[in-house]
Amino acid sequence: MHVETPQSRVRFAVERADITPPVGIYHRMWGAATHDQAAGVHRPLLATAMIFAPLAATEPSPESLQVVITLDHCLMGQREIQQLRQRVLAAVQVPIESLLVLFSHTHAAGMMTHDRVEMPGGELIPGYLERLNTTVAELVQQALSALRPATIQYAQGRCDLAAQRDFWDDQRRMFVCGYHPGAAADDTVIAARAVADDGQTLATIVNYACHPTTLAWENQLISPDYIGAMREVVERVIAAPCVFLQGASGDLGPREGFVGDTQVADRNGRQLAYAALSALESLGPARTRFAYAGPVVSGATLGTWQHEPLEPAREAQLAAWQVDRRTLPLAYRPELPTIESATTERQSWQQQESESQAAGDPARARDCRAMVERQTRLLARLRTLPADAFPYRIAAWRMGDAVWLAAQGEPYQQLQTELRQRFPDQTLIVCGLADEWGPSYLPPADLYGKNIYQESIAVVAAGSLERLIEFATETINGLLNGDSR
């Protein structure tokens, strides 16, 4: 009798750097905010490069290398992602298909896109992005040279930081984006530990789905939100970089959020950290299983267990490696606004904002300004959408007992809960917000037409999330059966 720990045998490396923007940079992320520029720093923002490769050394190819770049930012546009990729590719010889950028999705880092350059503090954005791109390229270069055999161990925990956030305000007869105490929220935490063959812990990884929206319009500080304190607590116990991977959190946010108090963000982070540490501390030594060792006669006859080395056949299973990257064409919603209509709508709200300011109505002016921001973001998406259908990309790779899946935009939690129900014996790392924002939200089909915020700004048609779940299921089955395309 024995109990297996899910593990992956790969070559692995991780490098990390500070990417905190300068104080004074454009920071207004929230439509309800009245400030434009960052007044200070709560905690540093970080960039991480993780590289995964098969245990058997091969020349870099799309099938034999996965580069994962994580950034403490909300999101970036197509232009910014392309420039980042170009900088990395100019520094290292890796296939472009192997590059994957994931965002923590903190809403307290500012909107670092070129369309904000004309805003107060926006003149600092181009220089900041230039330095960011250089830093990330250097991290990838350093990680490539540091690749070494390692074992990644996985454990599952639970954390109730995240809550469902589609709440019906019965008094005002409207949906709001906020804590819904009566709805189910996925509380799954997947925690992983990467251990070199000499026993050194190289990194810990925390995969959890929860919008980093503790800090909102009242906050004027650059911050990774709850993720900063989470990393600090985990790294205090385990002396290695802690990497956060945002899950499918389209409808999940912190129970206590939308505040300006950084202490709340830190408390939320500690809550997740303790859950992750509980899972991590359950792991035994790498490349072992927990096996029954027989009885020992004492005051009672005791059943003893011990960690024992894996057999060669089991080691070979852990070294299984396969990559699959696919594109799913998703239809646009038929009522998607045009650039012309969105521009007209934006101009209307700008006019109303000016009139409210002239009338001495700051509350109304703030609301109008928030609607201007909504239309500004909509226009940014509309201008980059491909014709006919949205080419929705996923990247999936199998490493031993685990499958990692990265998806664009912000799928609702059903993506990860449904996949884990379909593959109950498989460790799944599910990440949202891969590369540019793309299709924005992917809510379930039955929410379309209900004027829920996430549905109202989704650009793809009803049923897209359900199609994605089937597409991801097919992809994972292919990886597990060795017949991916």
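When you line the sequence shown up against numbering that gives the first Met the number 0, it's residues 0 to 484, in that order.
Where a beta carbon is used, it is the ideal one built from N, C-alpha and C, also for glycine.
**OP:** Please report the Cβ distance between Asp250 and Arg164, rounded to the nearest whole angstrom; I am assuming they are in contact, meaning their Cβ atoms lie under 8 Å.
**Re:** 6 Å
Subject >> Residue of Arg27, Gln305, Asp186, Asp114 minimising C-alpha distance to His1 >> reply: Gln305
Subject >> Where Val22 sits in the DSSP three-state scheme >> reply: coil
Original post:
Just to confirm, are Arg244 and Thr133 a CB contact at a threshold of 8 Å?
Top reply: Strictly speaking, residue 244 in this sequence is Leu, with Arg absent from that position. Cβ distance not < 8 Å, so Leu244 and Thr133 don't count as in contact.
**OP:** Out of Ser297, Leu282, Ala274, Glu307, state which residue places its alpha-carbon closest to the alpha-carbon of Ala290.
**Re:** Glu307
Original post:
Whole alpha helix (DSSP H) runs in the segment 359-445 with 4 or more residues, listed along the chain?
Top reply: 361-381, 413-421
Subject >> Nearest to Leu418 (by Cα), restricted to the options Leu467, Leu381, Val188 >> reply: Leu467
Original post:
Got a sec? Which residues, its chain only, sit under 7 Å from Ser355 by beta carbon, not counting five neighbours each side?
Top reply: Arg363, Ala364, Cys367
**OP:** Would you kindly work out how many angstroms separate the C-alpha atoms of Ile80 and Gln413, rounded to a whole number?
**Re:** 27 Å
Original post:
Which of the three DSSP states, helix, strand or coil, is assigned to Asp265?
Top reply: helix
**OP:** Below 8 Å on the Cβ atoms is my guess for Ala31 versus Ala90; work out the distance and round it to an integer in Å.
**Re:** Not quite, the Cβ-Cβ distance comes to about 40 Å (not below 8 Å), so this is no contact.
Subject >> Gln155, DSSP secondary structure in three states >> reply: strand
Original post:
What's the C-alpha gap between Gly489 and Cys209?
Top reply: No answer is possible for residue 489: the residues shown for the chain start at 0 and end at 484.
Original post:
Would a C-beta distance cut-off of 8 Å place Thr213 and Val175 closer than the cut-off?
Top reply: no
Original post:
Between the segment 292-300 and the segment 173-189, are three or more C-beta pairs nearer than 8 Å?
Top reply: no
Subject >> Environment of Ser439 [buried if 16+ CB atoms lie within 10 Å] >> reply: buried
Subject >> Glu307 - containing beta strand (DSSP E), residue span >> reply: 300-308
**OP:** Just mark Ser248 as buried or exposed, buried being the case when its beta carbon has 16 or more other beta carbons within 10 Å.
**Re:** buried
**OP:** Output yes or no for whether 8 Å exceeds the beta carbon distance between Pro59 and Gln92.
**Re:** yes
Original post:
Between Gly489 and Ser7, is the Cβ-Cβ spacing less than 8 Å?
Top reply: This structure cannot settle anything about residue 489, because the visible part of the chain is limited to 0 through 484.
**OP:** Might you give, ordered along the chain, the residues of its own chain that have their beta carbon closer than 6 Å to the beta carbon of Phe470, omitting 5 neighbours on each side?
**Re:** Leu327
Original post:
Near Phe422, what residues of its chain come up, given a Cβ to Cβ distance below 7 Å and the 5 sequence neighbours on each side ignored?
Top reply: Ile475
Original post:
Given Gln141, which residues of its chain have a CB within under 6 Å of its CB, disregarding the five upstream and five downstream residues?
Top reply: Glu14
**OP:** Can you give me the start and stop residues for the alpha helix (DSSP H) that Thr69 sits inside?
**Re:** That residue, Thr69, is in no alpha helix (DSSP H); its beta strand (DSSP E) goes 65-70.
Original post:
When burial is assigned at 16 or more other CB atoms within 10 Å of the CB, is Gly126 buried or exposed?
Top reply: exposed
Original post:
So, helix, strand or coil for Ala519, using DSSP?
Top reply: Residue 519 lies beyond the residue range present for the chain, which begins at 0 and ends at 484; the question has no answer from this structure.
Original post:
Between the Cα of Glu217 and the Cα atoms of Val236, Asn206, Asp260, which residue gives the shortest distance?
Top reply: Asp260
Original post:
Is the beta carbon of Leu329 less than 8 Å from the beta carbon of Ser463?
Top reply: yes
Original post:
Given a threshold of 16 other Cβ atoms within 10 Å of its Cβ, counted over all protein chains shown, does Val116 qualify as buried or as exposed?
Top reply: exposed
Subject >> beta strand (DSSP E) segments (min. 3 residues) lying fully within the segment 150-199 >> reply: 161-163, 165-168, 173-176, 187-195
Original post:
Which first and last residues belong to the beta strand (DSSP E) in which Ile508 is found?
Top reply: Not covered by the structure: residue 508. The range shown for the chain is 0 to 484.
Original post:
Any contact of the segment 105-121 with the segment 431-448, i.e. 3+ C-beta pairs under 8 Å?
Top reply: no
Subject >> Option nearest Leu123 by Cα separation, candidates Ala56, Leu404, Gln219, Gly23 >> reply: Gly23
Subject >> CB of His339 within 8 Å of CB of Met75, strictly >> reply: The sequence given here places Glu at residue 339; His does not occur at that position. Taking 8 Å as the Cβ cut-off, Glu339 and Met75 do not qualify as a contacting pair.
Original post:
Looking at Ala193 and Phe11, is the spacing between their C-beta atoms short of 8 Å?
Top reply: yes
Original post:
What is the C-beta distance between Met28 and His113, in whole angstroms, given that I count them as a contact (C-beta under 8 Å)?
Top reply: Actually they are not in contact, since the Cβ atoms of Met28 and His113 sit about 16 Å apart, beyond 8 Å.
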